[in-house]
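*Asks:* My questions will all concern the structure given below.
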Amino acid sequence: MWTRRAVMVAAVVGAAVGVAPTSLSAQGFPTRPITLVVPFAAGGPTDVLGRIVSRRMASHLGQPVVVENVGGAGGAIGAQRVQRAAPDGYTLVLGNIGTHTAVPALAQPAPYDPETDFQPVGLIATNPLVLVVRPGLATDVAGLVRYLKTPGTRATYASAGVGASSHLGGLLFLTQTGTMADHIPYRGTAPALADVAAGRVDFLFDQTVNVIGQVAGGTVTALGVSTRTRAAVLPDVPSLMEAGVPGFDTAVWNALFAPRGTPTAVVERLAEALSQALEDPAVRDRLVELGGELPTPAARGPAALAALVAAEVVRWTPILRAAASGG
Ligand code: ASP
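Quick note on numbering: the numbering used here labels position 113 of the sequence shown as 113, and the sequence is numbered without any gaps.
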């Protein structure tokens with residue numbers, strides 16, 4: 001362990017010999033607990049994933065990784081909290097296709113730029129979305145579409161807010177089927193799913209992570225998955241493409257981001273801890289049991305995540321803006 005004085009001397013020497021101060025500032029990192037902002041309600045899919053990986057990362061880093069739920073506005077409030085935090089590696093956000101693609105595409109004005117306001121750390125897992133309906137509403141997609149098209153129907157769908165992945169799924173479904181429903185936003189899909197199960201809202205798109213237990217228990221009915229092929233954890237549920245809804249070939253990627261300007265060596269240390277967590281058989285098994293697909297080592301790190309975000313922004317921004325404007 002370096003003393004404070006030694007670190008200061010090293011910093012001065014480093015500056016004198018031209019060593020980047022960023023690499024020196026990673027010495028000893030982390031020396032105190034790290035906050036992982038989950039930008040949705042507790043008990044939902046983002047929260048569950050965050051708790052699984054943060055525990056393992058903490059043991060690799062030698063410091064606690066404390067999950068803080070900051071829900072609202074499709075995850076924008078929590079993401080913004082991290083965007084504005086000190087770029088020192090002690091405040092991270094668990095972002096996804098919603099916070100880092102759909103929110104900036106749909107929110108007016110965009111609360112942040114997903115590519116330049118954050119420093120990507122690494123990918124965690126990618127999970128299919130599942131279309132679930134309240135008990136008794138429909139047994140297949142055709143039945144739901146019939147219901148939505150029945151004159152006089154005032155249907156509703158839940159989400160975690162404008163730009164959340166659950167909103168992305170709902171918006172895409174309504175566009176692709178030429179139907180309409182009122183959007184009911186929540187602070188996360190844990191409370192949204194509870195309202196669908198209670199029959200207060202008609203349908204919801206949510207990650208396998210959150211729904212497989214409820215589907216197995218029969219409290220909601222799964223009608224389709226968002227990936228081109230069926231999900232191994234829900235083998236009896238057709239893909240939406242198979243059920244006749246075109247354009248559904250997507251899943252929710254979940255990833256860690258730090259504020260822009262976080263020192264490279266700190267980012268590398270965090271990325272390595274995440275990668276080690278993903279190598280842990282208990283972590284892998286749990287993520288797979290929840291329907292997750294894990295990235296290969298080459299697809300995990302900061303550069304691969306930056307490329308993914310850039311590609312997703314290009315792919316989704318025009319589709320989502322057209323869908324939101326009814327086009
Ligand atoms: N990740 C979910 C969504 O994007 C929300 C949640 O985790 O509660 O809709």
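Glycine included, C-beta positions come from ideal geometry on N, C-alpha and C. These numbers were taken from a predicted model, which means no experiment stands behind them.
1. Keeping to the same chain, check which residues put their C-beta closer than 8 Å to that of A243; ignore five residues upstream and five downstream.
2. Tell me whether the beta-carbon of L94 lies closer than 8 Å to the beta-carbon of F205.
3. Taking 7 Å as the cut-off, does the CB of D40 come closer than this to any heavy atom belonging to ligand 1?
4. Would a C-beta distance cut-off of 8 Å place H100 and V309 closer than the cut-off?
5. Mind listing, in chain order, the continuous beta strand (DSSP E) runs of no fewer than 3 residues lying wholly within the stretch 35 to 69?
6. CB of N127 to nearest heavy atom of ligand 1: below 7 Å?
7. Would you say S239 and T221 are within 8 Å of each other, going by their C-beta atoms?
8. Answer with buried or exposed for P21, where buried requires no fewer than 16 other C-beta atoms within 10 angstroms of its C-beta.
9. Using CA coordinates, which residue listed in G74, F203, M57 is at the minimum distance from V66?
10. Note the first and the last residue of the continuous alpha helix (DSSP H) segment covering P120.
11. Span of the beta strand (DSSP E) holding Y186?
12. Tell me which residues share the same chain as T317 and place their Cβ nearer than 6 Å to its Cβ, disregarding the 5 neighbours each side in the sequence.
13. Starting from the N-terminal end, write out each residue whose C-beta falls within a distance shorter than 5 Å of any non-hydrogen atom of ligand 1.
14. Quick one: grab the DSSP three-state call for Y402.
15. Considering Cα atoms alone, identify which of P30, G301, A73 is closest to A255.
*Replies:* Put simply:
1. For A243, where only same-chain residues beyond five positions count, the Cβ hits under 8 Å are D140, V141, A142, L223, G224.
2. No, the Cβ-Cβ distance between L94 and F205 is not below 8 Å.
3. A small correction: the amino acid at residue 40 is Phe; Asp does not occupy that position in the sequence shown. Yes, the beta carbon of F40 sits closer than 7 Å to at least one heavy atom of ligand 1.
4. Going by C-beta atoms, H100 is nearer than 8 Å to V309.
5. Whole beta strand (DSSP E) segments, 3+ residues: 65 to 69.
6. At a cut-off of 7 Å, the beta-carbon of N127 does not count as near ligand 1: no heavy atom of the ligand is closer than that.
7. Taking 8 Å as the Cβ cut-off, S239 and T221 do not qualify as a contacting pair.
8. No answer about P21 holds up, because its pLDDT of 43 lies below 50 and its placement is not dependable.
9. Residue M57 is the option with its Cα nearest to V66.
10. Run containing P120: none in the alpha helix (DSSP H); it sits in the beta strand (DSSP E), 118 to 127.
11. First-last for Y186: undefined, no H or E at that position.
12. Within the same chain, and ignoring the five residues on either side of T317 in sequence, the residues whose Cβ sits closer than 6 Å to its Cβ are A105.
13. Look at which beta carbons fall closer than 5 Å to any heavy atom of ligand 1; those residues are F40, G44, P45, T46, G98, A160, A164, S165, S166, G188, T189.
14. Coverage of the chain is limited to positions 1 through 327, which leaves residue 402 absent and any answer about it impossible.
15. In terms of CA proximity to A255, G301 leads the group P30, G301, A73.
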